[in-house]
Amino acid sequence: MSLASAIHHASRSATRISPIKLNTRTVSSATTAKVFANTGAAEFVAAAGSVNSIPKLHGLPEVIVTGRANVGKSTLLNAVLGRKALLHTSKKAGRTRALNFFRVGPQPGKLVVVDAPGYGARGRAEWGAVFEHYIQNRKELRRIYILFNAKHPINAFDTQMLEHLSKMLVTDRGTQPFTLQSVITKADCIPSEKAEEVITKMRKDIWGAAPLCLPPIITSAEMNPPFGIDVLRKNIADACALSKA
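For the sequence shown, this note's numbering begins at 180 and goes up steadily by one.
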């Protein structure tokens, strides 16, 4: 079995056995294409290194992307946004040091993607404070995407973040207006014969730490063609309810 076929099979299995279901309207492929087709329509609009510098962006729906340092966040987002270098990529962990806001879609924009600094051993307390404030107070937030590198098992930092974010989904006032979605990156780094085993184990660990987290979307920005990018784009459009736009 080819690597692409093995990943596809493992991806379908991970989604099929998940206990989580959403009662949301599905966005059509045509709607997704309109949002992401024009790569020139994605642009950097602001960086927030402190709570006071978080911008106001006229009410567009937002999603935020987090993950352990060097999880492949910038590479994945460049692929999703159809750009090679909109987000700077680096082999050095900790390159992202602020919340970076990117407007997506033709003016005035359809949604905003927020790139958060990585957490873990190389994360910093001040980065976490801005991230936490954003999640707790941003009315436009629709979904948190948490990324995991397929090359590495879920570790203590991942588990801690999953547990924390999962608890934030439910408050004394009920459920939050945002959801939590897991994404596995760098799937091309898994040997084809190990793909289902690795992805199934990661899915179980994610669900064990965060039962309210949506099942992982499997991706590889390096495969030709890239794997899972269209699925992730559609997921973002779904989260932002663009079918109602």
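For glycine and all other residues, C-beta sits at the position ideal for the given N, C-alpha and C.
Run through DSSP, which three-state label would residue i get?
| i | result |
| --- | --- |
| residue 211 | helix |
| residue 347 | helix |
| residue 315 | helix |
| residue 372 | helix |
| residue 398 | coil |
| residue 360 | strand |
| residue 243 | strand |
| residue 250 | coil |
| residue 282 | strand |
| residue 391 | coil |
By how many angstroms is the C-alpha of residue j removed from the C-alpha of residue i?
| i | j | result |
| --- | --- | --- |
| residue 340 | residue 260 | 26 Å |
| residue 189 | residue 323 | 23 Å |
| residue 410 | residue 396 | 8 Å |
| residue 342 | residue 389 | 5 Å |
| residue 299 | residue 247 | 6 Å |
Classify residue i: buried if its beta carbon has 16 or more other beta carbons within 10 angstroms, exposed otherwise.
| i | result |
| --- | --- |
| residue 335 | exposed |
| residue 360 | buried |
| residue 284 | buried |
| residue 231 | exposed |
| residue 184 | exposed |
| residue 296 | buried |
| residue 399 | buried |
| residue 200 | In this prediction, residue 200 scores a pLDDT of 47, lower than 50, which makes its location untrustworthy; no coordinate-derived value is stated. |
Terminal residues of the continuous alpha helix (DSSP H) containing residue i?
| i | result |
| --- | --- |
| residue 233 | Careful: residue 233 lies outside any alpha helix (DSSP H) and carries neither H nor E. |
For the beta strand (DSSP E) that contains residue i, what are its first and last residues?
| i | result |
| --- | --- |
| residue 293 | 290-294 |
| residue 320 | 320-328 |
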